[in-house]
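A.B. asks:
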Amino acid sequence: MQKKPNRFVLWVVGAVVAALVLTDMLPMFAQAREAEFAVPAIAQQLDDGRILVAQQEQAPRKKRRTLMDLLFGDDQQQQDEPVVEKPVVKKQKKAALPPPEKPKIEKALGATRLAVFGDSMATDVGKALERFYAEDPNISILTQGVGSSSFVRPDFFDWPKTISEQITANSFDIAVVIIGINDRQKMRLNGEVYGSLTPEWTTEYSARVTNVVKALRAANKPTIWIGLPPMEAPKFGKAMIQVNEIQRLAAFSGGAEFLDIYEKFATEEGGYTARGPDLNGNQVRMRKEDGIHFSAAGADKLAFYLSQSLKNYYRGGGTVGIEVADPLLGTDAQLMMRPPYQGLGQMKLLEVAGAVISLTNTPRRAADLVTADMADAATVGFDLTQMIEAPVGRADAFGVGKVENPNPK
289 MQKKPNRFVL WVVGAVVAAL VLTDMLPMFA QAREAEFAVP AIAQQLDDGR ILVAQQEQAP
349 RKKRRTLMDL LFGDDQQQQD EPVVEKPVVK KQKKAALPPP EKPKIEKALG ATRLAVFGDS
409 MATDVGKALE RFYAEDPNIS ILTQGVGSSS FVRPDFFDWP KTISEQITAN SFDIAVVIIG
469 INDRQKMRLN GEVYGSLTPE WTTEYSARVT NVVKALRAAN KPTIWIGLPP MEAPKFGKAM
529 IQVNEIQRLA AFSGGAEFLD IYEKFATEEG GYTARGPDLN GNQVRMRKED GIHFSAAGAD
589 KLAFYLSQSL KNYYRGGGTV GIEVADPLLG TDAQLMMRPP YQGLGQMKLL EVAGAVISLT
649 NTPRRAADLV TADMADAATV GFDLTQMIEA PVGRADAFGV GKVENPNPK
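In C-alpha cells form, the structure reads like this:
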C-alpha cells in the first residue's frame with residue numbers, strides 16, 4: 289500500500305514557494321506603481337530639457353534587490369560597479385650625489401710657490417695641481433695661464449717680458465711651463481714676416497725659449513718644461529710634434545727639465561686617442577671634444593707625472609732644494625714611477641723621463657758615473673772603488689769584482 293504524503297509538510301513547502309513568488313512579484317508591482325506616478329512628473333518637465341537631464345543624472349534609477357539577489361548576489365550590480373584600479377606608484381631612483389669636496393687646507397705662510405706659465409693648457413694643469421696638492425699646506429699653486437697666448441706673438445702677450453717681471457718680483461719659487469698650441473702662426477722679426485716652422489722662424493723661436501729658461505736658471509728658479517701631447521687633427525698634430533722638439537732642445541740647452549708626455553697620452557702606435565687609463569686604471573676620457581685640451585681626468589693624470597719630477601725640488605715643509613739621494617737622479621737615466629702606462633710606454637718596465645739639469649753644475653750623463661774620478665764620485669753619494677774592488681761572489685761585485693788569492697798554495 290502506497291503511503292500518503294504528510295499534509296503539514298505539503299503545506300509548509302507550498303508556503304515557502306508562495307513567499308518566494310510574492311517576493312519576486314512585489315518589486316514588479318512597486319516599480320509599475322512608481323512608473324505610473326512618474327509619468328506626469330516627466331511630462332511636466334518636457335518643456336525644460338536641461339532640468340530633466342539634470343534630474344536623470346542626479347537621481348539615476350536603481351534596481352531593487354530581491355531575495356535571490358541577497359542569497360546568490362546581483363550579477364547586474366557587479367557588472368555596473370566600476371573597477372577602481374590602484375594607482376601604480378613608481379619608485380624614484382635616488383639621484384647620484386657628487387663626491388664630497390675635499391676640505392680646503394689653509395696654506396702655510398712659508399709654503400713653496402709653484403707658478404704655472406703658459407696658454408690655456410697651463411690653466412688646466414694649474415687646476416689639476418691645485419686638486420693634487422689640495423691637502424698639502426706647504427705648497428701653493430699660482431696659475432698664470434693666458435688663453436690664446438704664445439711665444440710667437442709678443443704683441444698679443446709678451447711671455448719673456450712677463451716671466452722676467454715675475455722673476456724680479458720674486459713671486460714664485462718653482463716654474464712649470466706648458467705652451468705651444470697657439471704657436472703655429474707667422475712671426476714678425478725685424479720688419480720681416482716668416483712662416484711657421486721655417487728655418488728663420490725656428491731659430492728665433494728656439495732663442496726665445498732658451499732665453500726664458502736661462503733667465504729662470506740664473507734666478508735660481510727650478511723649471512720644468514712640459515711637452516705637448518698628441519693632437520687629433522693630423523696636420524696640426526705634426527706641427528705640434530715639431531714645436532715639441534724645438535722646445536725640448538731649447539729647454540735642455542737653457543738648463544731646464546723637459547717632461548715628455550707624448551707617449552703617456554698616445555695609442556700603442558703613437559697616435560692620438562681621446563681615452564686612456566686614469567690614475568686608478570679605469571678607461572676614461574682624457575681629452576676634450578676639441579681634440580686639443582685635457583679633460584679633468586687627463587689633467588689629473590698629467591699632474592701625477594709632474595709631481596714625480598717636482599720631487600726633485602720640493603720635499604714638503606715649504607723648502608725648495610736640488611740635492612738628491614739617488615745618484616742617478618740628475619742624469620739622463622732618471623726613472624719615473626711606472627703606473628699608469630699608456631701607449632708605447634705601457635710595454636716598458638722602466639722609462640727614461642729626461643734629464644734633470646742641476647742649477648749649479650753642468651749636466652751629467654749616466655755614463656759619466658762609470659768614468660768619474662774619486663773626488664767626483666764622492667759628490668754623487670758612493671765610491672766606485674767599492675764596486676771595482678768587491679770580491680767575486682759578493683752582492684755588490686756586479687761581475688767586475690777582483691779575485692782574492694788567485695794562486696792559492
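Residue numbering for the sequence shown follows my numbering, starting at 289 and increasing by one per position.
By construction, the Cβ of each residue, glycine as well, lies at the ideal position given by its N, Cα and C atoms.
All values reported here derive from a predicted model rather than from experimental measurement.
#1: Any contact of the stretch 471-486 with the stretch 435-454, i.e. 3+ C-beta pairs under 8 Å?
#2: Quick one: what does DSSP say GLU394 is sitting in, helix, strand or coil?
#3: My assumption, with CB atoms under 8 Å, is that GLY559 sits in contact with PRO518. Please give the rounded CB distance.
#4: Per DSSP, what kind of secondary structure is THR555 in: helix, strand or coil?
#5: Per the contact definition of three or more C-beta pairs closer than 8 Å, is the stretch 449-466 in contact with the stretch 502-521?
#6: Just tell me which of GLN454, ASN470 and ASN426 has its CA closest to the CA of ALA527.
#7: Quick one: Cα of VAL497 to Cα of ASN532, how far?
#8: Please report how far the alpha carbon of GLY515 lies from the alpha carbon of GLN535, in whole angstroms.
#9: Label LYS415 either buried or exposed according to how many other C-beta atoms from any shown protein chain fall within 10 Å of its C-beta, with 16 as the threshold for buried.
#10: Please classify ASN600: is it buried, with 16 or more other beta-carbons within 10 angstroms of its beta-carbon, or exposed?
#11: Tell me the rounded alpha-carbon separation between GLN261 and VAL481.
#12: To the nearest angstrom, how far is the alpha carbon of LEU590 from that of ARG573?
#13: Tell me which residue opens and which closes the alpha helix (DSSP H) that ARG496 is part of.
#14: Name the one or two DSSP bridge partners that PRO565 has.
#15: GLY433 bridges to which residues according to DSSP?
#16: Are the Cβ atoms of ALA403 and GLN432 separated by less than 8 Å?
#17: Less than 8 Å between the CB atoms is what I'm expecting for GLY586 and PHE553, so what's the real figure, rounded?
#18: Let me make sure I understand the geometry here. Which of PHE592, LEU598 and ILE427 has the alpha-carbon closest to that of ASN568?
#19: As a quick exercise: from TRP489, ILE429 and ASP446, pick the residue whose alpha carbon is nearest that of SER437.
#20: Please report how far the alpha carbon of GLU577 lies from the alpha carbon of ALA521, in whole angstroms.
#21: Compare the C-alpha of ILE580 against each of SER597, VAL500, SER452 and GLY525 and name the closest.
#22: I need the straight-line Cα distance from THR486 to LYS392, nearest angstrom please.
#23: Could you tell me which uninterrupted alpha helix (DSSP H) segments, each at least 4 residues in length, are contained entirely in the stretch 409-465, listed from first to last along the chain?
#24: Ignore the nearest five residues each way along the sequence and tell me which others in TYR421's own chain have a CB closer than 6 Å to its CB.
#25: DSSP puts GLU520 in a beta bridge; with which residues?
#26: Express the C-alpha separation of ALA538 and ALA544 in angstroms, rounding to a whole number.
#27: From GLY542 to GLY483, what distance separates their C-alpha atoms?
#28: Would you list the residues sitting across from ARG476 in a DSSP beta bridge?
#29: Among SER583, ASP412, GLN596 and GLY604, which has the Cα closest to the Cα of ASP548?
#30: Report yes if the CB atom of ASP461 is closer than 8 Å to the CB atom of LYS509, and no otherwise.
#31: Straight-line CA distance for GLU418 to ASP588?
#32: Looking only at C-alpha atoms, which of ARG401, SER452, ALA457 and GLU423 sits nearest to LEU430?
#33: How is ARG295 classed by DSSP in three states: helix, strand or coil?
#34: With 16 other CB atoms within 10 Å as the buried threshold, where does THR456 fall?
#35: Tell me where the alpha helix (DSSP H) around PHE592 begins and ends.
#36: Rounded to the nearest angstrom, what separates ASN458 and GLU557 at their Cα positions?
C.D. replies: Concretely, from the data shown:
#1: For the pair of segments examined, the stretch 471-486 was found to touch the stretch 435-454: the number of CB pairs separated by less than 8 Å reaches three.
#2: In this structure, GLU394 counts as coil in the three-state DSSP scheme.
#3: Confirmed, about 6 Å.
#4: DSSP places THR555 in coil when its eight states are reduced to three.
#5: The stretch 502-521 is in contact with the stretch 449-466.
#6: Distance from the Cα of ALA527 is smallest, within the candidate group GLN454, ASN470 and ASN426, for ASN470.
#7: Approximately 12 Å between the Cα atoms of the pair.
#8: Rounded to whole angstroms, GLY515 to GLN535 spans 8 Å at the Cα level.
#9: LYS415 should be labelled buried.
#10: Classification of ASN600: buried, given that the 10 Å Cβ count is 16 or more.
#11: In the structure as shown, the chain begins at 289 and stops at 697. Residue 261 is therefore absent and cannot be evaluated.
#12: Their Cα atoms are separated by approximately 13 Å.
#13: Taken as a continuous stretch (DSSP letters only), the alpha helix (DSSP H) holding ARG496 covers 487-506.
#14: Answer is GLN571.
#15: Per DSSP, GLY406.
#16: Result yes, Cβ atoms of ALA403 and GLN432 sit closer than 8 Å.
#17: Right, their Cβ atoms sit about 7 Å apart.
#18: For ASN568, the closest of PHE592, LEU598 and ILE427 by C-alpha to C-alpha distance is PHE592.
#19: In terms of Cα proximity to SER437, the closest of TRP489, ILE429 and ASP446 is ASP446.
#20: Just so you know, the alpha carbons of GLU577 and ALA521 end up roughly 12 Å apart.
#21: Out of SER597, VAL500, SER452 and GLY525, GLY525 has the C-alpha closest to the C-alpha of ILE580.
#22: Going from the Cα of THR486 to the Cα of LYS392 covers about 48 Å.
#23: Taken in chain order, the unbroken stretches of alpha helix (DSSP H) that lie wholly in the stretch 409-465 and span 4 residues or more are 447-457.
#24: Cβ within range, chain order: ILE427.
#25: Paired residue(s): none; GLU520 is not in a bridge.
#26: About 9 Å.
#27: Spanning the two alpha carbons is a distance of roughly 25 Å.
#28: DSSP links ARG476 through a beta bridge to VAL481.
#29: Closest option to ASP548, Cα to Cα, is GLN596.
#30: Their beta carbons are under 8 Å apart, which means ASP461 touches LYS509 by this criterion.
#31: Between GLU418 and ASP588, the C-alpha separation is close to 10 Å.
#32: With distances taken between Cα atoms, LEU430 lies closest to ARG401.
#33: It is helical.
#34: By the 10 Å Cβ count, THR456 comes out exposed.
#35: That run of the alpha helix (DSSP H) goes 584-598.
#36: Near 44 Å, if we compare the C-alpha coordinates of GLU557 and ASN458.
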